[in-house]
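K.L.:
Protein chains in written order, with UniProt numbering: chain E, 1 to 506; chain A, 1 to 506; chain X, 1 to 506; chain W, 1 to 506.
Just so it is clear, CB atoms sit at the ideal spot from N, CA and C, and this is done for glycine as well.
Quick one: the structure is below, questions incoming.
Protein chains: 4
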Amino acid sequence: MASLVYLMRRWREKIRSSTPLHVVGLAEILAIFGLIASLIYLLSFFGIAFVQSVVSSNDEEEDFLPHSKTTAPSQCSLLGPSPTEVPSEKLPEEDEEIVSMVLAGKMPSYLLESKLGDCRRAAGIRRVVLTRMTGRNLEGLPLDGFDYESILGQCCELPIGYVQLPVGIAGPLVLDGRQYYVPMATTEGCLVASTNRGCKAIAESGGAISMVLRDGMTRAPAVRFPSARRAAELKAFVESPENFDTLSVIFNRSSRFARLQGVHCAIAGRNLYMRFTCSTGDAMGMNMVSKGVQNVLDFLQNDFPDMDVITISGNFCSDKKPAAVNWIEGRGKSVVCEAVIKEEVVKRVLKTNVQSLVELNTIKNLAGSAVAGSLGGFNAHASNIVSAIFIATGQDPAQNVESSHCITMLEGINDGRDLHISVTMPSIEVGTVGGGTQLASQAACLDLLGVKGSNVSTPGANARLLATVVAGGVLAGELSLLSAQAAGHLVKSHMKYNRSTKDITN
Amino acid sequence: MASLVYLMRRWREKIRSSTPLHVVGLAEILAIFGLIASLIYLLSFFGIAFVQSVVSSNDEEEDFLPHSKTTAPSQCSLLGPSPTEVPSEKLPEEDEEIVSMVLAGKMPSYLLESKLGDCRRAAGIRRVVLTRMTGRNLEGLPLDGFDYESILGQCCELPIGYVQLPVGIAGPLVLDGRQYYVPMATTEGCLVASTNRGCKAIAESGGAISMVLRDGMTRAPAVRFPSARRAAELKAFVESPENFDTLSVIFNRSSRFARLQGVHCAIAGRNLYMRFTCSTGDAMGMNMVSKGVQNVLDFLQNDFPDMDVITISGNFCSDKKPAAVNWIEGRGKSVVCEAVIKEEVVKRVLKTNVQSLVELNTIKNLAGSAVAGSLGGFNAHASNIVSAIFIATGQDPAQNVESSHCITMLEGINDGRDLHISVTMPSIEVGTVGGGTQLASQAACLDLLGVKGSNVSTPGANARLLATVVAGGVLAGELSLLSAQAAGHLVKSHMKYNRSTKDITN
Amino acid sequence: MASLVYLMRRWREKIRSSTPLHVVGLAEILAIFGLIASLIYLLSFFGIAFVQSVVSSNDEEEDFLPHSKTTAPSQCSLLGPSPTEVPSEKLPEEDEEIVSMVLAGKMPSYLLESKLGDCRRAAGIRRVVLTRMTGRNLEGLPLDGFDYESILGQCCELPIGYVQLPVGIAGPLVLDGRQYYVPMATTEGCLVASTNRGCKAIAESGGAISMVLRDGMTRAPAVRFPSARRAAELKAFVESPENFDTLSVIFNRSSRFARLQGVHCAIAGRNLYMRFTCSTGDAMGMNMVSKGVQNVLDFLQNDFPDMDVITISGNFCSDKKPAAVNWIEGRGKSVVCEAVIKEEVVKRVLKTNVQSLVELNTIKNLAGSAVAGSLGGFNAHASNIVSAIFIATGQDPAQNVESSHCITMLEGINDGRDLHISVTMPSIEVGTVGGGTQLASQAACLDLLGVKGSNVSTPGANARLLATVVAGGVLAGELSLLSAQAAGHLVKSHMKYNRSTKDITN
Amino acid sequence: MASLVYLMRRWREKIRSSTPLHVVGLAEILAIFGLIASLIYLLSFFGIAFVQSVVSSNDEEEDFLPHSKTTAPSQCSLLGPSPTEVPSEKLPEEDEEIVSMVLAGKMPSYLLESKLGDCRRAAGIRRVVLTRMTGRNLEGLPLDGFDYESILGQCCELPIGYVQLPVGIAGPLVLDGRQYYVPMATTEGCLVASTNRGCKAIAESGGAISMVLRDGMTRAPAVRFPSARRAAELKAFVESPENFDTLSVIFNRSSRFARLQGVHCAIAGRNLYMRFTCSTGDAMGMNMVSKGVQNVLDFLQNDFPDMDVITISGNFCSDKKPAAVNWIEGRGKSVVCEAVIKEEVVKRVLKTNVQSLVELNTIKNLAGSAVAGSLGGFNAHASNIVSAIFIATGQDPAQNVESSHCITMLEGINDGRDLHISVTMPSIEVGTVGGGTQLASQAACLDLLGVKGSNVSTPGANARLLATVVAGGVLAGELSLLSAQAAGHLVKSHMKYNRSTKDITN
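Printed below as a string of structure tokens:
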């Protein structure tokens, strides 16, 4: 426990010293939260085992068991453990001893951080243990140059290092009269270059315009009643305008940023799914809304004692799954972004013409996706841009499933001479505080866009601005890829490998 | 051009020296590909502009224009460029000069790599330029410690640094009688720990079993004819068994690993979408299949001169979009993974019981997703595990949209005492060569799983094995999260912040 | 024109005489509507041609042209017109003359009703013309025994007779404490018998319970603006609570039953889809809501002069198409219906057991439909019952596409001994006035259910009651078919033909 | 039993006498089938109860119980049974006696046909019973003029009369060089007239062209194994080309028309869904394919004894549900139909212009349906025409759910002057033998189209031709409705009621 307290102190100091003055208030609160969070995290998730491990040490593998004896059934052979290949990393004697203990199953790997009070050292020891167990060389995976305290109890457990994703810059994206240099973390060739070309075409045509149509995170618990009639009664209760104020007060206790916007219920027999929507300030907001929902459930249990809470998340939310409810009603930020590309720019920068682009969009993005039975995938490659920006800015890349829902529309205007292009994206789930946004490299990317942390004067403005940049990036990406395809360039740019083979063969 | 050649030589040497002996043959080929690819890349994508820039230098911004004069309309103000905040990075005089040229628009940013012949230096200069232009501090985004040559013409353009994603280890995942330690790059708290718990429950029950039901990448060009009748004729032609051998020979020229498996056509009036499926060895295979498709299109053009190729990708593929065609017919690897969790393990490790889990799965993952109008999203959080493993192992995170299609089934067996759990995932798109798999940190994660690079004896075996590990990870993740929800633990583990607030308030 | 007036007078009298006293007020109004409707119908739809035909008779085929010279291109041969097969129907000389005129293209077929002033005679002549033209024998299609005046300008143009659909009776369906004998018009063997069996099981278990969760018809015009920004402005305007009263007043002018409930907008770039929902009394309500929408569009045009009305129906409605928006938000009546079937009844009446039924439902209706990529089709055969009742009661069978959206849930209760079964149907589109409900045979079926015509005391109550009967019928149908499948009876009952073959073979 | 034999003899004679010479062979076979079918039907469906009722008469309500004492729980009141309103129908004394027995629960209603040996008389008595029980007047529902023997054991049980649906004629539809007069049974005003106008525009432009791309009915049983591994093994077995011949021989025994085309398997854990596709001659084919599937299941059970057949229909079929599997892979007939409408015809007949139509189609049928989350509903009102023709020609109207899947494409050709319009419909499920096609009025409508009964020379040709007529009708319907909307006519034509009201008000 002492080491835990030590960790917290260090972390607190780190947060303090790195926080610019104008967000100190919030940073303080976050720091306090963080401290308690760390404690609760270790107590709750690593759980009873951890608590028990203090009381009695013979039960330590209770929850986590990366390498205990029981997990290695006799029929399981280890992966090619040729010890000769393993680099003989020299460790301080003290660390060697800990490695031996972990290897012998005497110390659970997940306890390293708290036992050692040094996250970097814990990760290093875990890594050596892994290397010894598997006989695999982890040399390419960097260990140093990362602040492991920053993820403790927050972002990632059982760390052994970090992967590096190169960040390219597309821009300036001229959006709503301002310029943005969009950071994209990707390993897909041409993506940044292509988006950059789209930005150029947009900029040379006067820029893009965006609108945030809606801003609300959702969570839908599933509850079960003895009968559908009862489920219908609760539905009527929570959807009634008369009860909205009451529910709001209860819900909003979860955070000073949470504001309940509404509840939409669906029924499947006696099971009721209540989709709560709330604004969440600059946070992506899943935790905030979950907490608000829990508050409401606790409250409802009194008046509906026969309500059986099946789960806080009944998939009508719907998180990280392609679902029509998000496509139709939105989740996170609903954004539309548009631009008019001048005929001359279409020709000079994009090497194609308006009619070809419009036809391509109809045949590919509308009819093609319709034929494929797509749900909200009426675009060329929105997911590419969404995930690249998400990773660069510390968003949850698992949420790009619905965040990249997008319908791209292209229409000829001004008698078919110029091009009107738009992307409509109903479910962009982003935040500028919490989660991965707090890591140094990701925070730098947010800062580059001017949306780091909480917007003090207008809570939520940073997250909304980030959402518009995502949509703007998608607009640029769609414009450029469609142009490349319209010009028959796709194969050329992507086929470099095989082209060369062919040349060689010839 | 000299600098380009220099770069290639360096790169070649790097590849050679770092390649273990037993894959030299392939590595050599890849190296040659890589060299030519670099050249073709710079020639094709940066394109005519680049070639032109040698001939005539007054047209350099042709394709890319990150900061030309024309892109900054007078109405656009820069983002808060308070120069005082900018750290005054000291650069060598030579570099300062280049920075000035780029800032002045005299040298396009995208030419830095080829002009300087030093990718690290190019990224550094680009970064300084960006800092000066925006007045933003990029300090938190690391620049050093990364091999920028490795991404040139391959993975990312216009780089300025890299983001770091911590990698946690879940495992051992006991799968098909072997043990895997699964690297997960994530910033979502609890994810690794929770997956780890699922692995433990699986391991203590004897391990999971997986099957690869199908392995084929797809690409569907859209072509248009004067009439639907003609489109139907081509459909009949390419789907006819008699023509399969001919088409195969032509298609398979694209790569020695490409093997055409079939063509499935859809029609929308006079537009024909031909979904080609082929095996692609250990590559994810998009480029390979695209090239094969291009070969076939070239061939078909002779017999169908009225065929108008609208696009090489008509969205019936369907890449990076939620689409029923992938859900139903599969894309990449179709995998099912199962395990039987013993009653005792459900209680001790997962803190819940079989009946609660089965009911939860029915109400949440089946009925809840049905009510939400989900497409292939009949799971709890497959996307979380898929994207974490994808990022760690250099896959394309934009493809997690369809790669995380998953139906999770839970059933009581042995008179309801034990739990049968399975995940069925028809569209896992992974490879172990090409793209991000070549970066050092990602390659290390692949190596940890024993699937780095091409499988020489059985091409494709590495990629398929990786797909089963993804499915196995999802199995563990589903098992653990569902258990947490069944036990009412979700709120507790995720609500740490707000809980603490509440406690404080009280 | 005289004959038209004559027709109207006859029709009016018919309506008057057949109308029970207590609905005279409404009947009167409907009659007046009907009269004017007939006139407007003939003027508007048969259109300018008709008006022109009074003024100048040389332009008569303007809109309709069943057999004009120009429609028979020389390359088109008639369908096997072997005159010997044609029955030589003897017609009065006067009628023969008219037949000759129509055959010669001197009188358009569509004018027969108005020219002759006798709908039965017009249909008969049209039929003879058709017989002579095609050489086909229409003997099996009855002509007499039907009131052709009742469909004039209302239900069907260019009639030549009528088809007969047998009506079977299932019941009593015990629903909400009352008994209903459900008329089903079908030609599918076993359907009525099977539904009847389901009714029996429900009745013997104490009956079913239903709830109407929502009642509102929708229509969504599509309008286009010069920019997405403008589209977003209109979206904000119509969705604003402040403007609801204004819009309501304008909308509700369309009918004394129309009550605007809300507007939900979706955007695709600069195109705006506004889904208006309103209650419509006992009418299915499509016309009513369309008229209200038109009122609002006329009003909005003043404030949004750049609004371009593309169509009154932009498919976000969504009528007669499978669409998630109906599945998630409902259309028409949203109904849930449930019953608890006792263990003993499951065994005795349904010949199966609870556990088998629950497993079957999970594997077939939930997982099977999920695997098939179904949208709102999580049931066994709801469409069968819906269409049978729709046809019997004069509903629009084309609307069974979305009206049969249904999720069927089966769960064991009371420790798994008894069965809880429910159907949730969000989009049952029914009415008891207007359309086919006015025809004699269909009106009789409505009367059998006690829901004929408008409910005077509680407008809308009849239509809602009908919707619950539809859901109750579906509940019975699902219960019985699932039981048959669970008991392996499906093959036996449906396979009669082939079974017999097999027997013979043996 | 004697009366049953009597019925069969009568029916056999009826079929014989009414069968044209050239199909005598098939008719004979069908008649024999029919006879045995009747027997088996009554034995199997009315079931054990019926057999038992011969042996012991104290168990008669076993399966059906329309009005037994137990079905009327005391809390259920009858629907307003005011006896004074009931018309006192005079029955022959003998019939009165039977009515009394049925009312008293001494004779089950479903046994009337077999007991009396006179189907018309049975229906009449059932009707009187119903009238007396409910106090409702069924006067409007015709009883006479229908051959009740024709539906016995085939189409409808427990009949009490029939509903009448008026049949209008649209045409000539010029399709593939021939003229068709399309019978449409509908009660929706304007539908026939509008389709007729579309036919005219098509005819004046030279006619439409259709292609049948695919013809195969499907059925997908669901089977469960102890493990997913075993399910995967069966999947591999049935999908293996090597086993196709064996499976075909077994499958095709079900009928001399059945020809297995392929099997497509989907897995959800240990549950396997095998979608069998086969050609079915001129029958819609559900029974045929079901029987073939049963044959295969029986065969497979030997080699896969651990296979547990959950259901013959696991919803991956997918019948009467909106499901992507049908949209993407087709079910029944897959048809595309196209026409080029000349500029002059667009203006003169359709009162609009090409550009407006193309824009409307993009915004409404493509983008609008995309926004609505539609599955295969990218059309204006295909369901209207499909259901009208289905009902007229004796198809199963419940199948219009998937039969009306349709994507409508409009494109300007010849420099945008002329209009290319097409409808692509992958799942038209029709037959010309069996089911409702055998009823007199429906058979007459089939005969009008020249597709009555089986095509002797080319089995299946009649059903395929019918499918093309359906698609041609949809093409005409789409063309006309889109034109009406493009011309702003929709409101005018549909709004007659309210318009008139408005005029009056003014």
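Note down, in chain order, every chain A residue with its Cβ under 8 Å from the Cβ of X:Thr362.
P.N.:
The residue given as residue 362 of chain X occupies position 362 in the third sequence. What X:Thr362 touches in chain A: Thr362, Leu366.
K.L.:
Shorter than 8 Å from the beta carbon of E:Thr505 to some beta carbon of chain W?
P.N.:
For the purposes of this step, residue 505 of chain E is taken as residue 505 along the first sequence, with counting starting at 1. Any answer about E:Thr505 is weak, because its pLDDT of 35 lies below 50 and its placement is not dependable; what the coordinates show is given next. Answer no: the Cβ-Cβ gap between E:Thr505 and chain W never drops below 8 Å.
K.L.:
What residues of chain W sit near A:Leu213, judged by a beta carbon separation below 9 Å?
P.N.:
Within the second sequence, numbered from 1, the residue matching residue 213 of chain A stands at position 213. Neighbours of A:Leu213 on chain W, chain order: Ala232, Lys235, Ala236, Cys265, Ile267.
K.L.:
Just reading off the alpha helix (DSSP H) that A:Ser383 is part of, what are its end residues?
P.N.:
By one-based count along the second sequence, residue 383 of chain A stands at place 383. Start and end: 382-392.
K.L.:
For W:Gly330, I'd like the list of residues in its chain whose CB is within less than 8 Å of its CB, leaving aside the five on either flank, ordered along the chain.
P.N.:
Indexing the fourth sequence from 1 puts residue 330 of chain W at position 330. Counting only Cβ-Cβ distances below 8 Å, and skipping sequence neighbours, we find Leu213, Arg214, Gly216, Pro426, Ser427.
K.L.:
Using the Cα positions of X:Ile310 and A:Leu173, report the straight-line distance between them to the nearest angstrom.
P.N.:
Numbered from its first residue, the third sequence carries residue 310 of chain X at position 310. Numbered from its first residue, the second sequence carries residue 173 of chain A at position 173. About 57 Å.
K.L.:
In angstroms with no decimal places, state the Cα-to-Cα distance between W:Met184 and X:Val163.
P.N.:
Here residue 184 of chain W corresponds to residue number 184 of the fourth sequence, with the count starting at 1. Here residue 163 of chain X corresponds to residue number 163 of the third sequence, with the count starting at 1. Taking the straight line from one Cα to the other gives about 10 Å.
K.L.:
Can you tell me which residues form a DSSP beta bridge with X:Ala461?
P.N.:
Position 461 of the third sequence, counted from the start, is the residue given in the question as residue 461 of chain X. Residue pairing from DSSP leaves X:Ala461 without any beta-bridge partner.
K.L.:
Based on the DSSP secondary-structure assignment, which residues constitute the bridge partners of E:Gln164?
P.N.:
Numbered from 1 along the first sequence, position 164 holds the residue referred to as residue 164 of chain E. Paired residue(s): A:Gln164.
K.L.:
For a cutoff of 8 Å on Cβ pairs, would you count E:Val371 as touching chain C?
P.N.:
Reference to chain C is not applicable here, since the protein chains of this structure are E, A, X and W.
K.L.:
If you measure between the beta carbons of X:Leu112 and X:Arg126, is that distance less than 8 Å?
P.N.:
Taking the first residue of the third sequence as 1, we reach residue 112 of chain X at position 112. Taking the first residue of the third sequence as 1, we reach residue 126 of chain X at position 126. Closer than 8 Å, so yes.
K.L.:
Tell me where the alpha helix (DSSP H) around E:Lys200 begins and ends.
P.N.:
By 1-based counting over the first sequence, the position of residue 200 of chain E is 200. 191-204 is the extent of the alpha helix (DSSP H) around E:Lys200.
K.L.:
Among all the DSSP beta bridges, which residues are the ones paired with E:Leu272?
P.N.:
Within the first sequence, residue 272 of chain E is the residue found at index 272, counting from 1. According to DSSP, which records beta bridges pairwise, E:Leu272 is partnered with E:Val223, E:Ile267.
K.L.:
Return the chain-ordered list of same chain residues with a C-beta closer than 8 Å to the C-beta of X:Glu128, the five sequence neighbours on each side being excluded.
P.N.:
By one-based count along the third sequence, residue 128 of chain X stands at place 128. For the record, residue 128 of chain X in the displayed sequence is Val; it is not Glu. Same-chain partners within the cutoff: Glu89, Leu91, Asp95, Val99.
K.L.:
Run through the segment 82-162 of chain X for me and flag every whole alpha helix (DSSP H) of 4 or more residues, listed as ranges in chain order.
P.N.:
With a minimum length of 4 residues, the continuous alpha helix (DSSP H) runs that stay inside the segment 82-162 of chain X are 93-103, 112-116, 119-134.
K.L.:
Span of the alpha helix (DSSP H) holding E:Cys445?
P.N.:
The count along the first sequence starts at 1 and reaches residue 445 of chain E at position 445. That run of the alpha helix (DSSP H) goes 440-448.
K.L.:
If the criterion is Cβ atoms closer than 8 Å, does the pair E:Thr195 and E:Ala170 meet it?
P.N.:
Counting from one through the first sequence, the residue named residue 195 of chain E turns up at place 195. Counting from one through the first sequence, the residue named residue 170 of chain E turns up at place 170. For E:Thr195 and E:Ala170, yes; Cβs fall inside 8 Å.
K.L.:
Leaving out five residues before and five after W:Gly488 in sequence, what residues of the same chain have Cβ atoms less than 6 Å from its Cβ?
P.N.:
If you number the fourth sequence from 1, residue 488 of chain W lands on position 488. Excluding residues within five positions, none has a Cβ falling inside 6 Å.
K.L.:
At which residues does the beta strand (DSSP E) containing X:Pro426 begin and terminate?
P.N.:
On the third sequence, position 426 is the one that residue 426 of chain X refers to. It spans 418-428 - the beta strand (DSSP E) in which X:Pro426 sits, taken as one unbroken run.
K.L.:
Specify, as a first and last residue, the run of the beta strand (DSSP E) that E:Pro183 falls within.
P.N.:
By one-based count along the first sequence, residue 183 of chain E stands at place 183. Going by DSSP, E:Pro183 is part of the beta strand (DSSP E) stretching over 178-185.
K.L.:
Identify the contact partners of E:Leu482 in chain W, using a Cβ-Cβ distance below 9 Å as the criterion.
P.N.:
Here residue 482 of chain E corresponds to residue number 482 of the first sequence, with the count starting at 1. Those do not exist, as E:Leu482 stays about 16 Å from chain W at its closest Cβ, beyond 9 Å.
K.L.:
What in chain W is Cβ-close to X:Ser318, meaning under 9 Å?
P.N.:
Against the third sequence, residue 318 of chain X aligns to sequence position 318. Under the 9 Å cutoff, chain W gives Gly368, Ser369, Ala372, Gly373, Ser374, Gly377.
K.L.:
Can you check whether the C-beta of X:Gln164 is within less than 8 Å of a C-beta belonging to chain W?
P.N.:
Here residue 164 of chain X refers to the residue found at position 164 of the third sequence. Interface residue, yes.
K.L.:
Please report the distance separating the alpha-carbon of W:Leu366 from that of A:Gly262.
P.N.:
For this step, residue 366 of chain W is matched to residue 366 along the fourth sequence. For this step, residue 262 of chain A is matched to residue 262 along the second sequence. W:Leu366 and A:Gly262: Cα-Cα distance of roughly 29 Å.
K.L.:
Can you pull the DSSP bridge partners for X:Gly262?
P.N.:
Along the third sequence, read from residue 1 onward, the residue named residue 262 of chain X stands at position 262. In the DSSP assignment, X:Gly262 forms a beta bridge with X:Thr277.
K.L.:
What three-state label does DSSP hand E:Val349 in the structure shown?
P.N.:
To locate residue 349 of chain E, count along the first sequence from 1; it is residue 349. Three-state DSSP puts E:Val349 in coil, outside helix and strand.
K.L.:
Is DSSP giving residue 507 of chain E helix, strand or coil here?
P.N.:
The shown model of chain E, from 1 to 506, leaves out residue 507 of chain E, and the question about it has no answer.
K.L.:
Which partner residues of A:Met409 appear in the DSSP bridge assignment?
P.N.:
Locating residue 409 of chain A in the second sequence gives position 409, where the first residue counts as 1. According to DSSP, A:Met409 bridges with A:Ser422.
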